[in-house]
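Trainee: Provided herewith is a single structure, encoded as structure tokens, for subsequent inquiry.
Following this line, the structure appears as structure tokens:
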């Protein structure tokens, strides 16, 4: 006789049903759970491995994918065990309860069974993510550093080198896929500074707070009990977690990398991307002093990686808002540097040194261009008179750290003359005048080329951008304003629109979005 399933006060919301499994039937790569009323529910072979005939499954048969969320009541054993599977969103940071025991809570993403959150005790998070290797016989005291065969003091670069060696050894030994996954998982935890710090604290004190890696977002399978009001599933053990992830490729500016002791991090608020780097993944001999002049590095590096979804709550305008990001898995990261990366870096360092050496002279030039437009050749003569070397790039005088050099380079190679005025570049092209502010978020202003450029610049110097946009006192008309081209997210689209406005033949392949 099968044990009875305990009754609960709260009933599941309609149209949720609770069906008893009569048979499990293979169905290609899946397993189909058959019920007594001739209905069925297809599940992956992994999820079906937890199910036996006579178990009960609670799910929403009207859902687009009923297998996305279900609750299983196992019939075997003296006390029925509940298993809950759902897609989770953000997982909170560890908190302590009244007994001073830590826990986290996972938000249910678009739940249909009435469950709003999963309560995860500290030991469940710790044992699944940080101490999972200790479940193997004879490995009760094994650490993640032992798996990688490195000391606890290993640097991020040492860890990546150890990963490469261990993967090569496992490939030579024709090891099973699971062994490779264990090594890769250990590296991904230790290569993330926050997770490594958490793990090392757990080695000292197993009851220390265990952070849910990357803040949740994925598919969670847990064993535990549903609360009487059905709002919370109290998990005792995590059975499986699959993070939400995707592969991404893009090019990013080197100037946005923050260089720290032992590692570096690239964060991009526009792409919502975060990448942790070490000396092997970013093969240039950097150190924290690079932060002083990295804004002068005019080069990009390629990023190719598997990203997992992550998130944190930020306080903004007195309210907490969830900010979702994506973090690159360190083991799946590939970085590509331009062939002249070392030369570009050396030039940036040299420029920074010159700014310091000739600081007083350059500040004087900046004050002068704030009052009047000065043509490039005249600026070079002034620089020479002040002792600034002739190979100094005068464009750097107005350069802002977050400016993408792509825009400047495209305009510079088309120009006849370039003027510096205020914090702007004025480019004289064959058929037009282009005004560019070397700062992120600004637009490119385009005007028809006048017969007398000097008179036009004098007139422009007396008019504000707001006057031009509003055509106040016919300012736009007097300057023959054509329009603005927004920098936007796609620099190729900007170049396509620019060429159209300045009268160049347009290559419409430039409209293709960059990844």
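Residue numbers (our numbering): 13 to 527. Virtual Cβ for every residue (Gly too), placed ideally from N, Cα, C.
Which ranges would you report for the beta strand (DSSP E) in the region 344 to 386 if only whole runs of at least 3 residues count?
Mentor: 346 to 348
Trainee: Between residue 73 and residue 36, which are expected to be in contact by the criterion C-beta below 8 angstroms, what is the C-beta distance as a whole number of angstroms?
Mentor: Counting from 1 along the chain shown, the entry for residue 73 is found at position 61. Counting from 1 along the chain shown, the entry for residue 36 is found at position 24. About 18 angstroms separates the two Cβ atoms, so there is no contact after all.
Trainee: Report, in whole angstroms, the separation of the C-beta atoms of residue 82 and residue 69, which I expect to be a contact under 8 angstroms.
Mentor: On the chain shown, residue 82 is found 70 positions in, with the first residue counted as 1. On the chain shown, residue 69 is found 57 positions in, with the first residue counted as 1. Indeed, because the Cβ distance is near 5 angstroms, the residues count as touching under 8 angstroms.
Trainee: Quick check: residue 172 and residue 290, are their CB atoms within less than 8 angstroms of each other?
Mentor: For the purposes of this step, residue 172 is taken as residue 160 along the chain shown, with counting starting at 1. For the purposes of this step, residue 290 is taken as residue 278 along the chain shown, with counting starting at 1. In contact: residue 172 and residue 290 (Cβ atoms closer than 8 angstroms).
Trainee: Checking the sheet assignment: what are the DSSP bridge partners for residue 70?
Mentor: Within the chain shown, the letter at position 58 stands for residue 70. Within the DSSP secondary-structure output, residue 70 pairs in a beta bridge with 30, 83.
Trainee: Would you check if the distance between the CB atom of residue 227 and the CB atom of residue 322 is smaller than 8 angstroms?
Mentor: Position 215 of the chain shown holds residue 227. Position 310 of the chain shown holds residue 322. Closer than 8 angstroms, so yes.
Trainee: Taking just the CA atoms, how far does residue 304 sit from residue 127?
Mentor: Stepping through the chain shown from its first residue, residue 127 is reached at position 115. Stepping through the chain shown from its first residue, residue 304 is reached at position 292. Approximately 50 angstroms, taken between the alpha carbons.
Trainee: Relative to the C-alpha of residue 409, which candidate in 272, 363, 134, 93 has its C-alpha closest?
Mentor: Sequence index remark: in the chain shown, residue 409 carries index 397 (1-based). Minimum Cα distance to residue 409 is reached at 363.
Trainee: Can you give me the Cβ contacts of residue 421 inside the same chain, cut-off strictly under 7 angstroms, excluding the 5 residues immediately before and after it?
Mentor: The residue you call residue 421 lines up with position 409 of the chain shown. Excluding residues within five positions, none has a Cβ falling inside 7 angstroms.
Trainee: In terms of residues, what are the limits of the alpha helix (DSSP H) holding residue 460?
Mentor: As a first step, residue 460 is located in the chain shown; it is residue number 448 there, counting from the start. From DSSP, residue 460 is part of no alpha helix (DSSP H) but of the beta strand (DSSP E) over 455 to 460.
Trainee: What does the alpha-carbon distance come out to for the pair residue 432 and residue 277?
Mentor: On the chain shown, residue 432 is found 420 positions in, with the first residue counted as 1. On the chain shown, residue 277 is found 265 positions in, with the first residue counted as 1. Computed Cα separation, rounded: 34 angstroms.
Trainee: Using the beta-carbon count (16 or more within 10 Å), is residue 58 buried or exposed?
Mentor: As a first step, residue 58 is located in the chain shown; it is residue number 46 there, counting from the start. Burial call: exposed.
Trainee: Look up residue 240 in the DSSP assignment and say whether it is helix, strand or coil.
Mentor: Taking the chain shown and counting its residues from 1, the one referred to as residue 240 is at position 228. Three-state result, residue 240: coil.
Trainee: Give me, in chain order, the residues of the same chain whose beta-carbon lies closer than 6 angstroms to that of residue 442; leave out the 5 immediate sequence neighbours on both sides.
Mentor: Locating residue 442 in the chain shown gives position 430, where the first residue counts as 1. Excluding sequence positions up to five before and after residue 442, its CB lies less than 6 angstroms from no other CB in the same chain.
Trainee: Please identify the residue among 262, 229, 181 whose C-alpha is closest to the C-alpha of residue 501.
Mentor: As a position in the chain shown, residue 501 is number 489, starting the count at 1. When each option's Cα is compared against that of residue 501, the closest is 262.
Trainee: Use the C-beta contact count for residue 468: other C-beta atoms within 10 angstroms, 16 or more gives buried, fewer gives exposed.
Mentor: Here the question's residue 468 lines up with position 456 in the chain shown. So residue 468 ends up on the buried side.
Trainee: List, from N- to C-terminal side, the alpha helix (DSSP H) runs of 4 residues or more that fit wholly inside the region 96 to 176.
Mentor: Within the region 96 to 176, the complete alpha helix (DSSP H) runs of at least 4 residues fall at 134 to 137, 156 to 160.
Trainee: Taking all protein chains shown into account, do 16 or more other C-beta atoms lie within 10 angstroms of the C-beta of residue 94, making it buried, or fewer, making it exposed?
Mentor: As a first step, residue 94 is located in the chain shown; it is residue number 82 there, counting from the start. Under the 10 Å beta carbon count, residue 94 is surrounded by 16 or more other beta carbons and is classified as buried.
Trainee: What is the DSSP secondary structure of residue 184, reduced to helix, strand or coil?
Mentor: On the chain shown, residue 184 is found 172 positions in, with the first residue counted as 1. Of the three classes helix, strand and coil, the one that applies to residue 184 here is helix, per DSSP.
Trainee: Buried or exposed: residue 184, going by 16 or more other Cβ atoms within 10 Å of its Cβ?
Mentor: Position 172 of the chain shown, counted from the start, is the residue given in the question as residue 184. Exposed.
Trainee: With a threshold of 7 angstroms on Cβ separation, who are the neighbours of residue 293 within its own chain once the five nearest residues in sequence on each side are excluded?
Mentor: Position 281 of the chain shown, counted from the start, is the residue given in the question as residue 293. Excluding positions up to five away in sequence, the list reads 172, 345, 347.
Trainee: Could you check what DSSP says for residue 477 in three-state terms: helix, strand or coil?
Mentor: Here residue 477 refers to the residue found at position 465 when the chain shown is read from its first residue. Three-state DSSP puts residue 477 in a helix.
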